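Just so you know, we're using this note's numbering here: the sequence shown kicks off at 50 and counts up by one.
From the three backbone atoms N, C-alpha and C, an ideal C-beta is built for every residue, glycine too.
As the structure is a computational prediction, the values presented were derived from the model and not from experiment.
Report on one structure; see the data block that follows.
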Amino acid sequence: MSKLPDVLRAPRLPIICSPLFIISNPKLVIAQCIAGAIGSMPALNARPSELLDEWLAEITEGLDAWNRAHPDRPAAPYAINQIVHKSNDRLDHDMALCEKYKVPVVITSLGAREEINQAVHGWGGVVLHDVINNGFAHKAVDKGADGLIAVAAGAGGHAGVKSPFALVQEIREWFDGPLALSGSIADGASVLGALAMGADFAYIGSAFIATEEARAPEGYKQAIVNATSDDIVYSNLFTGVHGNYLAPSIRAAGLDPDNLPTSDPSAMNFGSNAKAKAWKDIWGSGQGIGAVKAVVPAGELIGRLEREMEAASARLHGIRPAAGHASTAANQPVVQAKA
Ligand SMILES: Cc1cc2nc3c(=O)[nH]c(=O)nc-3n(C[C@H](O)[C@H](O)[C@H](O)COP(=O)(O)O)c2cc1C
Numbered sequence: 050m051s052k053l054p055d056v057l058r059a060p061r062l063p064i065i066c067s068p069l070f071i072i073s074n075p076k077l078v079i080a081q082c083i084a085g086a087i088g089s090m091p092a093l094n095a096r097p098s099e100l101l102d103e104w105l106a107e108i109t110e111g112l113d114a115w116n117r118a119h120p121d122r123p124a125a126p127y128a129i130n131q132i133v134h135k136s137n138d139r140l141d142h143d144m145a146l147c148e149k150y151k152v153p154v155v156i157t158s159l160g161a162r163e164e165i166n167q168a169v170h171g172w173g174g175v176v177l178h179d180v181i182n183n184g185f186a187h188k189a190v191d192k193g194a195d196g197l198i199a200v201a202a203g204a205g206g207h208a209g210v211k212s213p214f215a216l217v218q219e220i221r222e223w224f225d226g227p228l229a230l231s232g233s234i235a236d237g238a239s240v241l242g243a244l245a246m247g248a249d250f251a252y253i254g255s256a257f258i259a260t261e262e263a264r265a266p267e268g269y270k271q272a273i274v275n276a277t278s279d280d281i282v283y284s285n286l287f288t289g290v291h292g293n294y295l296a297p298s299i300r301a302a303g304l305d306p307d308n309l310p311t312s313d314p315s316a317m318n319f320g321s322n323a324k325a326k327a328w329k330d331i332w333g334s335g336q337g338i339g340a341v342k343a344v345v346p347a348g349e350l351i352g353r354l355e356r357e358m359e360a361a362s363a364r365l366h367g368i369r370p371a372a373g374h375a376s377t378a379a380n381q382p383v384v385q386a387k388a
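Below, the structure written as structure tokens:
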């Protein structure tokens, strides 16, 4: 485990619920945080942009009210995702609102930017930047990101091609700051696996699409429940950047998921006039959804992850004596959620 800033030590669970374009909303974020995981949403989900003010107020007030009523079980901090790509013409507006609400954690994606990191530090916030390889990880830290999100193969949305084992190992060789691992994590044993590899957090997206609070059509939620990794297709056609998608939604759009044309990064557009069409009609998902068996409230999903983490920890604990270790501190459960 690395040295974590206070705000990242606060959550009861080593889980960050990742931002989901269109899908995440204040109700989902509040449910995630009060269940003990860091909840998040993209600033761009608030449309028109003025809505972001209301949404940040709703999250702040919702979490404050929870904390007043449950001082013994405080909510985890929340995070806002900023797409820092040059096509995002709302960035200055959205950053000003993040400053107004002193957003505790900012997740940046698609190009690390020094001035954004400095702005977040100015109000005492922490920046986590997502990367798909070790080279981008170096660049992000050089530009002042506090922590990294290693997006490995099999992640939903824009995903890399690196094995999580290779990616975390390479980053941990030189970086001892906050590190989250992303890609196909949807059960508690995998959360524990991410920690064992050297990450501080598991970063989980697709599993939260199949929650009651998620702003996704029922058909999308059910597709997440029904699908497995065999149904996931990796393509750059829809946004210009490679990502993972549900094959049935590609077929429904009249395309052959096994023979998709290719695109290129110049197709990326996160501007206010972008139609956000790709993510609406073509459903993004990571490979880990075999673990998702039902649409449930987000708090229930986090409860399952927590129970599975404890069971996996107990399993490891049970294995250790057989490996010749006496009953010592080393035999204590690997992970224990904070009270
Ligand atoms: C439908 C969908 C939308 C996403 N939208 C965003 C986004 O707006 N910003 C972002 O940083 N990541 C986005 N992601 C990627 C997630 O943040 C995260 O890396 C990924 O979901 C983790 O892999 P998993 O889905 O296998 O858990 C999205 C993922 C999905 C599935």
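Residue i (DSSP reduced to helix, strand or coil)
i: F70; result: coil
i: N130; result: strand
i: A325; result: For A325, the predicted structure reports a pLDDT of 47, less than 50, and the residue's modelled location is therefore unreliable. The matter cannot be settled from this model.
i: F250; result: strand
i: S334; result: coil
i: T260; result: strand
i: M157; result: Strictly speaking, residue 157 in this sequence is Thr, with Met absent from that position. Strand.
N- and C-terminal bounds of the beta strand (DSSP E) containing residue i
i: G292; result: G292 to L295
i: I87; result: Unbroken run through I87: none, as it is neither H nor E.
i: I389; result: Outside the displayed span of the chain (50 to 388) sits residue 389, for which this structure offers no information.
i: V344; result: Where V344 is concerned, there is no enclosing beta strand (DSSP E), given that its DSSP letter is neither H nor E.
Contact test: residue i Cβ vs ligand 1 heavy atom, cutoff 7 Å
i: D179; result: yes
i: I299; result: no
i: I72; result: yes
i: N166; result: no
i: Y252; result: yes
i: N182; result: no
i: N130; result: yes
i: A186; result: no
i: I234; result: yes
Proximity of residue i and residue j at Cβ, strictly below 8 Å
i: A256; j: L350; result: yes
i: G85; j: R61; result: yes
i: I331; j: I299; result: yes
i: P306; j: V282; result: yes
i: T157; j: V180; result: no
i: G333; j: N308; result: no
i: L228; j: A189; result: no
Residue span of the alpha helix (DSSP H) that contains residue i, given as start and end
i: I338; result: Looking at the DSSP string, I338 is not in any alpha helix (DSSP H), and its letter there is neither H nor E.
i: L112; result: L100 to A118
i: V274; result: E267 to N275
i: R17; result: The requested residue 17 does not occur in the structure, where the chain is confined to residues 50 to 388.
i: D143; result: L140 to K149
Residue i: CB within 7 Å of a non-hydrogen atom of ligand 2
i: H207; result: Ligand 2 is not part of this structure, which contains only ligand 1.
Jot down the residue ranges of each uninterrupted alpha helix (DSSP H) in the region 162-247, minimum 4 residues, whole runs only, in chain order.
-> 163-171, 183-191, 213-221 and 237-246
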